[in-house]
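Asks: Below is a structure I'd like to ask you about.
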RNA sequence: GGCCCCGUAGCUCAGCUGGAUAGAGCGACCGCCUCCUAAGCGGUAGGUCACAGGUUCAAAUCCUGUCGGGGUCACCA
């Protein structure tokens, strides 16, 4: 049930009837006619722009259209008043029955209310995190993980068939560096002094890996050149890193459907096939790139390379796919990976990158556009930096020293639920301040707590009601504006889900939940002043049952929303 | 220099396929607990939506340009 689409249908039908009656000319495009919540509640419950949108094509004054439309709309029992306002808005106020119906719908099908069929079962692949398997996940990855996971849940809630996927960059030079770094820790485990040369990974998370290598190989690798151990240790260390990463993600509540290995692309012909596909489309050629405009790199020299004509699909320059030694550049397996995603039959692809990868957006979009002949849209969402604070004091991280703050640090200190909610209290492309102390604060200044407190209050009322022997009923009685405001906010939920899903912006869910909680807290406090607004009516279980329906519906929607965000609703706060 | 993101109240940020008098929280000020959790609520004050053009019945939103902040920039991933 989506009240806004219901009322929009009503408006569209009325406009069609006006056309049939000769009031409006035929052939009007009604696509731009909207029914939305007005910004100001004083304007009513819903507003439609129909008269303004149609005035020009119909050759009529907005007011005339609006008044004729109003006359038809008020004939519907759901519409109490329809008033022309401003430049031609038609403000609608809806009957209390309608709001009661919203509450009933939520209570009748708690798992379904707000779910959308807009996805229509279309297959969407959400690739996220995809951190190099060379160390633990840090805060930046955490944000990407939370964002991607919530986005995936949101899309599933909106009716898409979603795959969560992680691309393991285990095919490049950085996993060689990992192997060498692990080897030094292995030497350390064997009692030798490790030599962590410049460029190796210094983090002590490799210490246990070194010990594990010793446990497996004894001292048989000591003193041998890397040609004897590089392949084996690369695989060994990479597997250990991925175990750690999977475990970190699991701590955060993220479960991938598929881990896709870059290395697995090699030797299968997939890269060659992807490039051949582009070649067949005339998009591969030998050529020399112009130097970058503006500042000239010190060591730049003209060089003939094998290039992908990404400019044919919107990129700024063509991109090399082979290195001068004949090997593939990192871009080639990326192309092959997306070629594989396309050929797996997805209707849409989403990649979640850190903002520092913004330079790859155009070339990846160009690749997918070329590979799918423009059929499969690729949306790339960038997550901005996370700045860490404690009690307002920023603290520094140094990747060189290996002392960056890890996902596990964050989750261990504040918990997965708080981490996830806070990470979604900003738009993905806005920087996020994360204060370890503040996010645990139990006050209304902390949105996590504020929303959880609302649901805790709902549960509190339900416990009290059970003690008093109230038999729950799904038919609410709404008699005050404070109640209607809450019901109206509940009515916006299905609409909001669709907007958030369409824009790929799960943060909208978090903001909505905050607003809903706010309306609910306001209603709660009205009960302090007005006895009839209390959910529990003294000694009158029948009246209580009618009053409790609304907060129960609030609980339904907050639970559903937190579910999308991957946050566990609390039972109570003590 | 090219490209990408950002610029909205003193601060941190929302703002719906373009809608009406641009919202919330913090901070400031004034109020509300005999009563379902005051861990909360109500009110007051605070704005050239960076700037300038353009499109439109209508622009914080779309387009162009300028300014300011951040990111990124061939044979690393």
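In the working numbering, the protein residues as written are 37 to 610.
All C-beta atoms, glycine included, are put in the ideal place defined by N, C-alpha and C.
(1) According to DSSP, simplified to helix, strand and coil, what is residue 601?
(2) What does the Cβ neighbour count give for residue 534, buried or exposed, with the cut at 16 atoms within 10 Å?
(3) Taking the alpha carbon of residue 155 as the point to measure from, which residue in 344, 443, 172 and 190 has its own alpha carbon closest?
(4) Can we say the stretch 508-520 touches the stretch 568-583, given the rule of at least three CB pairs closer than 8 Å?
(5) Tell me which residue opens and which closes the alpha helix (DSSP H) that residue 40 is part of.
(6) For residue 276 versus residue 245, is the C-beta distance shorter than 9 Å?
(7) Out of 145, 110 and 135, state which residue places its alpha-carbon closest to the alpha-carbon of residue 128.
(8) May I ask you to verify whether the stretch 475-485 touches the stretch 401-418, counting CB pairs closer than 8 Å and requiring at least 3?
(9) Would residue 425 and residue 472 qualify as a contact pair, given that the criterion is a beta-carbon distance under 9 Å?
(10) Taking Cβ to Cβ, would you say residue 98 is nearer than 9 Å to residue 82?
(11) At a cut of 8 Å, does the stretch 159-172 reach the stretch 108-127 through at least three beta carbon pairs?
(12) So residue 601 and residue 186 are in contact, right, with Cβ under 8 Å, and what is the actual spacing, rounded?
(13) On the criterion of 16 or more Cβ atoms from any shown chain inside 10 Å, does residue 259 qualify as buried, or is it exposed?
(14) If distances are taken between C-alpha atoms only, which option among 459, 64 and 250 comes closest to residue 219?
(15) Please look up how many angstroms separate the CB atoms of residue 179 and residue 454, rounded, as I've assumed it's under 8 Å.
(16) Might you give, ordered along the chain, the residues of its own chain that have their beta carbon closer than 7 Å to the beta carbon of residue 274, omitting 5 neighbours on each side?
(17) Tell me the residue span of the beta strand (DSSP E) that contains residue 471.
(18) So who's on the other strand from residue 320, going by DSSP bridges?
(19) When we look at the beta-carbon of residue 292 and count the other beta-carbons within 10 Å, is it buried (16 or more) or exposed?
(20) Between the Cα of residue 363 and those of 547, 80 and 307, spot the shortest distance and give me the residue it belongs to.
(21) Is there contact between the stretch 402-420 and the stretch 379-392, where contact requires at least three CB pairs shorter than 8 Å?
(22) How long is the line joining the alpha carbons of residue 470 and residue 482, rounded to whole angstroms?
(23) Would you kindly work out how many angstroms separate the C-alpha atoms of residue 62 and residue 51, rounded to a whole number?
(24) Can you list, in chain order, the stretches of the alpha helix (DSSP H) that have 4 or more residues and sit fully within the stretch 50-100?
(25) Using the Cα positions of residue 516 and residue 563, report the straight-line distance between them to the nearest angstrom.
(26) Reducing DSSP to helix, strand and coil, say where residue 482 ends up.
(27) My parser needs the beta strand (DSSP E) runs of 3 or more residues fully inside the stretch 468-550; what are they?
(28) Using DSSP bridges, identify the partner residues of residue 119.
(29) Would residue 264 be called buried (16 or more neighbouring beta carbons within 10 Å of its own) or exposed?
(30) Using the Cβ count rule (16 or more neighbours within 10 Å means buried), how would you classify residue 203?
(31) For residue 199, I'd like the list of residues in its chain whose CB is within less than 6 Å of its CB, leaving aside the five on either flank, ordered along the chain.
(32) One question on the structure: do residue 182 and residue 173 come within less than 9 Å of each other, judged by their Cβ atoms?
(33) Cα-Cα, which of 497, 69, 77 and 390 is closest to residue 91?
(34) Out of 163, 603, 530 and 523, which has the shortest C-alpha to C-alpha gap to residue 559?
(35) When the Cα atoms are used, what is the spatial distance from residue 105 to residue 573?
Replies: The structure says:
(1) Along the first chain, one-based indexing puts residue 601 at 565. Helix.
(2) Within the first chain, numbered from 1, the residue matching residue 534 stands at position 498. Flag for residue 534 reads buried.
(3) Stepping through the first chain from its first residue, residue 155 is reached at position 119. With distances taken between Cα atoms, residue 155 lies closest to 190.
(4) yes
(5) Within the first chain, the letter at position 4 stands for residue 40. Element bounds for residue 40: 39-56.
(6) Mapped onto the first chain, residue 276 falls at position 240. Mapped onto the first chain, residue 245 falls at position 209. Yes, the pair counts as a contact, with Cβ atoms nearer than the cut-off.
(7) In the first chain, counting from the first residue as 1, residue 128 sits at position 92. That would be 110, whose Cα lies nearest to the Cα of residue 128.
(8) no
(9) As a position in the first chain, residue 425 is number 389, starting the count at 1. As a position in the first chain, residue 472 is number 436, starting the count at 1. Contact: yes.
(10) Residue 98 sits at position 62 when you count from the first residue of the first chain. Residue 82 sits at position 46 when you count from the first residue of the first chain. The answer is no: Cβ separation not under 9 Å.
(11) no
(12) The sequence position of residue 601 within the first chain is 565, counting from 1. The sequence position of residue 186 within the first chain is 150, counting from 1. Indeed they touch by this definition, with Cβ atoms about 5 Å apart.
(13) As a position in the first chain, residue 259 is number 223, starting the count at 1. The residue is exposed, with fewer than 16 neighbouring Cβ atoms inside 10 Å.
(14) Translated into the one-based positions of the first chain, residue 219 becomes position 183. That would be 250, whose Cα lies nearest to the Cα of residue 219.
(15) To locate residue 179, count along the first chain from 1; it is residue 143. To locate residue 454, count along the first chain from 1; it is residue 418. With 8 Å as the limit, residue 179 and residue 454 do not qualify as a contact, their Cβ atoms being about 14 Å apart.
(16) On the first chain, position 238 is the one that residue 274 refers to. Within the same chain, residue 274 has close Cβ partners 169, 206, 211 and 214.
(17) Against the first chain, residue 471 aligns to sequence position 435. Unbroken beta strand (DSSP E) run through residue 471: 468-471.
(18) Here residue 320 corresponds to residue number 284 of the first chain, with the count starting at 1. 344, per the DSSP bridge assignment.
(19) Position 256 of the first chain holds residue 292. Buried, because 16 or more other Cβ atoms sit within 10 Å of the Cβ of residue 292.
(20) Within the first chain, numbered from 1, the residue matching residue 363 stands at position 327. Of the candidates 547, 80 and 307, the one whose C-alpha sits nearest the C-alpha of residue 363 is 307.
(21) yes
(22) For this step, residue 470 is matched to residue 434 along the first chain. For this step, residue 482 is matched to residue 446 along the first chain. Distance between the alpha carbons of residue 470 and residue 482: 12 Å.
(23) Here residue 62 corresponds to residue number 26 of the first chain, with the count starting at 1. Here residue 51 corresponds to residue number 15 of the first chain, with the count starting at 1. Their backbone Cα atoms lie some 10 Å apart in a straight line.
(24) 86-94
(25) Here residue 516 refers to the residue found at position 480 of the first chain. Here residue 563 refers to the residue found at position 527 of the first chain. When rounded, the distance between both Cα atoms is 11 Å.
(26) Your numbering for residue 482 matches position 446 in the first chain. Looking at residue 482 - three-state DSSP - the assignment turns out to be coil, as it is neither helix nor strand.
(27) 468-471
(28) By one-based count along the first chain, residue 119 stands at place 83. Its beta-bridge partners are 127.
(29) Counted from its first residue, the first chain places residue 264 at position 228. Exposed.
(30) Your numbering for residue 203 matches position 167 in the first chain. Residue 203 comes out buried.
(31) In the first chain, residue 199 corresponds to position 163, counting from 1. Within the same chain, residue 199 has close Cβ partners 161 and 293.
(32) Numbered from its first residue, the first chain carries residue 182 at position 146. Numbered from its first residue, the first chain carries residue 173 at position 137. For residue 182 and residue 173, no; Cβs fall outside 9 Å.
(33) The residue labelled residue 91 in the question sits at position 55 within the first chain. Nearest of 497, 69, 77 and 390 to residue 91, Cα basis: 69.
(34) Here residue 559 refers to the residue found at position 523 when the first chain is read from its first residue. Of 163, 603, 530 and 523, the residue nearest in Cα terms is 523.
(35) In the first chain, residue 105 corresponds to position 69, counting from 1. In the first chain, residue 573 corresponds to position 537, counting from 1. One C-alpha to the other measures close to 42 Å.
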